[in-house]
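One line per chain: the protein sequences are A and B, in this order.
162 is the number that this note's numbering gives to position 161 of the first sequence; each next residue is one higher, with no gaps.
68 is the number that this note's numbering gives to position 67 of the second sequence; each next residue is one higher, with no gaps.
Read the structure below first, then the notes.
Protein chains: 2
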Amino acid sequence: MSLRAALGEVGAGIDRGFDALLPVPPDPRARLYEAMRYAAIGGGKRLRPMLVIATCDLFKVDRERALRAALAVECIHVYSLIHDDLPSMDDDDLRRGKPTLHRAFEESTAVLAGDSLHALAFEILADEATHEDPFVRAELIAELARASGPAGMAGGQMMDLMAGEIELDLAAVTRLQQLKTGALIGWCLEAGAIMGRVPPEGRTGLRGYARDLGLAFQIADDLIDHEGAEEKAGKRVGKDQAAGKQTFVSLLGPERARRQADILVAQAIEHLQPFGDEAELLRAVARFAAERDH
Amino acid sequence: MSLRAALGEVGAGIDRGFDALLPVPPDPRARLYEAMRYAAIGGGKRLRPMLVIATCDLFKVDRERALRAALAVECIHVYSLIHDDLPSMDDDDLRRGKPTLHRAFEESTAVLAGDSLHALAFEILADEATHEDPFVRAELIAELARASGPAGMAGGQMMDLMAGEIELDLAAVTRLQQLKTGALIGWCLEAGAIMGRVPPEGRTGLRGYARDLGLAFQIADDLIDHEGAEEKAGKRVGKDQAAGKQTFVSLLGPERARRQADILVAQAIEHLQPFGDEAELLRAVARFAAERDH
Chain A
2 MSLRAALGEV
12 GAGIDRGFDA
22 LLPVPPDPRA
32 RLYEAMRYAA
42 IGGGKRLRPM
52 LVIATCDLFK
62 VDRERALRAA
72 LAVECIHVYS
82 LIHDDLPSMD
92 DDDLRRGKPT
102 LHRAFEESTA
112 VLAGDSLHAL
122 AFEILADEAT
132 HEDPFVRAEL
142 IAELARASGP
152 AGMAGGQMMD
162 LMAGEIELDL
172 AAVTRLQQLK
182 TGALIGWCLE
192 AGAIMGRVPP
202 EGRTGLRGYA
212 RDLGLAFQIA
222 DDLIDHEGAE
232 EKAGKRVGKD
242 QAAGKQTFVS
252 LLGPERARRQ
262 ADILVAQAIE
272 HLQPFGDEAE
282 LLRAVARFAA
292 ERDH
Chain B
2 MSLRAALGEV
12 GAGIDRGFDA
22 LLPVPPDPRA
32 RLYEAMRYAA
42 IGGGKRLRPM
52 LVIATCDLFK
62 VDRERALRAA
72 LAVECIHVYS
82 LIHDDLPSMD
92 DDDLRRGKPT
102 LHRAFEESTA
112 VLAGDSLHAL
122 AFEILADEAT
132 HEDPFVRAEL
142 IAELARASGP
152 AGMAGGQMMD
162 LMAGEIELDL
172 AAVTRLQQLK
182 TGALIGWCLE
192 AGAIMGRVPP
202 EGRTGLRGYA
212 RDLGLAFQIA
222 DDLIDHEGAE
232 EKAGKRVGKD
242 QAAGKQTFVS
252 LLGPERARRQ
262 ADILVAQAIE
272 HLQPFGDEAE
282 LLRAVARFAA
292 ERDH
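In structure tokens, the structure reads:
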């Protein structure tokens, strides 16, 4: 199956999943659920869900279960986009090609919709429909909480907020991005391994792949911000430079950054060697992550 | 032990727990951890932790484990206060007798500190130090996610935001408060029962207590907002009336509201009858919840 077809299938599964999880209640909470649906359904590349499902496929994890783990990480991703777009944070008006949630609804509703998706991620994982073994559920939850909290994504976003004030070097930008986007991408692979009962010592290759992919993905993001088109990106571009933030592109220049992304993709693919042909989809994701223009 | 002494002991345990969980890292995330510590350490009545620990004591749950569950619910409570105080929400300047987090730090840091405490709650519960049985951990997490998400606390806050626009009757205000504050209070009792291995059919009394206590607690809150003193409350008062919101006090008048709180406290205590003298602390909490002036 081509990556495009696989992404389409995963996207449709995620949309169906959110639709089922978020029926609009007939009371004043309706607006909250409508906001969650606006942000969660029908947009984005669904790259994190794709990574969860492709890794689960490597280990023959049941597709329905894999999809629940994929929904959980997308809940966290979408909540982080909602909060990062807030006026007090990055103050963005456009996301996934439509007005950001606080523009389409109110800022207060956006804060609450983010919080609600955050809680929903853990509610999904704690449910036995995700896995019958509570050890597996608890491990998925422990890892997701770490990857998304102050030692992971939220900590990376804090570093990003400081990046306009502090002069960051390449090591610091790398660390920032490993927390801000890398930790959650790492969870996607880890989740597949946890559900597939791969012991920690068997996860080294997947972790290497995730680390290299995460950085390649971020360099591509910086390149889109540097030279991309707003219509294609579906979000405001040129904002890092405007904010005076150091990025891979500002530190390396666009050509070296592009070359570095290519090296990282080759490395990521190298890590998948033990998995043979079964890992073709993960290889395709790595190539896409660096080459994409949106 | 008197309630005052018990609250003091629990408060000290919570402060120690947060101090150990939140060491300030030597990198740009320091500000985030400082913000989390500012909001979480050294303030509040610690009523929810007290409820967890008093319920755990009923069932002889190990104190260190009880304290971890208590820390988790306090993480959720503190995150909700941080986000509810934001300019786009209730826009409050004073909380627990000091400037709200977004006043003491920046609004962006406040959003992230709330998100980080939210994730930390689930990280604490998923760790095997909280309970060796992963079934217990998964049940604690599933219930906390439900109690704090759109079907619980966040949904109640959404109803509260709409309350200035929609005319709510007594049934609607009761429902709003059962979600906004009742669900999390209910979790505290449920957590003790889960960790104490009480089967669901044995939890009816505890659930009845939590329901009545939650409403009595909220009526007392409305009375403090109506007639309390800002210095004692440690937060702005008179804000419901200013916002044109219906509350128990606006709908019943202060005298009937006070009487209703007393009835609820008596009912809450009645639910504890099967537990005999062992439940004395929970009885004291119920009396305190309604009589407090802060």
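Cβ coordinates follow ideal geometry from the N, Cα and C atoms, glycine included.
With respect to chain B, the C-beta atom of histidine 78 (chain A) has no partner C-beta closer than 9 Å. When DSSP reads this structure, arginine 96 (chain A) sits in a beta bridge with A:Lys99. Interface with chain B (9 Å Cβ-Cβ cutoff): threonine 110 (chain A) is included. A residue is called buried once 16 or more other Cβ atoms fall within 10 Å of its Cβ, and aspartate 294 (chain A), having fewer, is exposed.
Counting every other CB atom within 10 Å of its CB across the protein chains shown gives glutamine 158 (chain A) a total of 16 or more, marking it as buried. In this structure, lysine 181 (chain A) places its C-beta atom within 9 Å of the C-beta atom of glutamine 219 (chain A). At least one C-beta of chain A is nearer than 9 Å to the C-beta of glycine 150 (chain B). An exposed status is given to glutamate 202 (chain B), since fewer than 16 other beta-carbon atoms sit within 10 Å of its beta-carbon. In the structure shown, alanine 244 (chain B) adopts coil according to DSSP, grouped into three states. Distance from the CA of alanine 194 (chain A) to the CA of aspartate 278 (chain A), rounded to the nearest whole angstrom, comes to 17 Å.
In the structure shown, the three-state DSSP call for glycine 18 (chain A) is helix. Taking C-alpha positions only, isoleucine 225 (chain A) is separated from leucine 253 (chain A) by approximately 15 Å. Counting only Cβ-Cβ distances below 7 Å, glutamate 124 (chain A) has contacts in chain B at Ala143, Ala146, Arg147 and Gly150, in chain order. In this chain, the alpha helix (DSSP H) harbouring isoleucine 83 (chain A) covers 64-86. Inter-residue distance for serine 109 (chain B) and alanine 172 (chain A) is about 24 Å (C-alpha atoms, whole angstroms). DSSP, read as helix, strand or coil, puts methionine 51 (chain B) in helix. DSSP places alanine 36 (chain A) inside the alpha helix (DSSP H), whose first and last residues are 31-41. 9 Å or more divides the Cβ of alanine 152 (chain A) from the Cβ of isoleucine 142 (chain A).
For arginine 138 (chain A), the enclosing alpha helix (DSSP H) has its first and last residue at 135-149. Here DSSP, grouped into helix, strand and coil, assigns proline 200 (chain B) to coil. Chain-order list of chain B residues neighbouring histidine 295 (chain A): empty, with the shortest C-beta distance near 26 Å, by a criterion of under 9 Å. Out of B:Ala269, B:Thr175 and B:His132, the CA that lies nearest to the CA of arginine 64 (chain B) is found in B:His132. Of all residues in the segment 37-52 of chain B, those with a C-beta nearer than 8 Å to a C-beta of chain A are Met37, reading in chain order.
By the Cβ test, the segment 35-55 of chain B is in contact with the segment 71-87 of chain B, since at least three Cβ pairs between them sit closer than 8 Å.
For the 9 Å CB-CB criterion, alanine 285 (chain B) and alanine 67 (chain B) do not form a contact.
According to the DSSP assignment, glutamate 124 (chain B) belongs to the alpha helix (DSSP H) that extends over 108-127. Taking the Cα of phenylalanine 60 (chain B) as reference, the smallest distance to any Cα among B:Ala230, B:Pro275 and B:Pro26 is reached at B:Pro275. Residue-level contact by beta carbon holds for serine 89 (chain A) and chain B, with a gap shorter than 9 Å. Residue environment for valine 25 (chain A): exposed (fewer than 16 other C-beta atoms within 10 angstroms of its C-beta). In this structure, DSSP gives valine 11 (chain A) a helical state, which the three-state scheme calls helix. The beta carbon of phenylalanine 136 (chain B) falls within 9 Å of a beta carbon belonging to chain A, placing the residue at that interface.
For leucine 113 (chain A), the chain B residues whose Cβ falls inside 7 Å of its Cβ are Ala155, Gln158 and Met159, in order along the chain. Proximity of chain B to aspartate 128 (chain A) at the Cβ level (cut-off 7 Å) is accounted for by Ala143, in chain order. With respect to the 9 Å criterion, glycine 156 (chain B) and arginine 30 (chain A) are classified as neighbours on the basis of their beta carbons.
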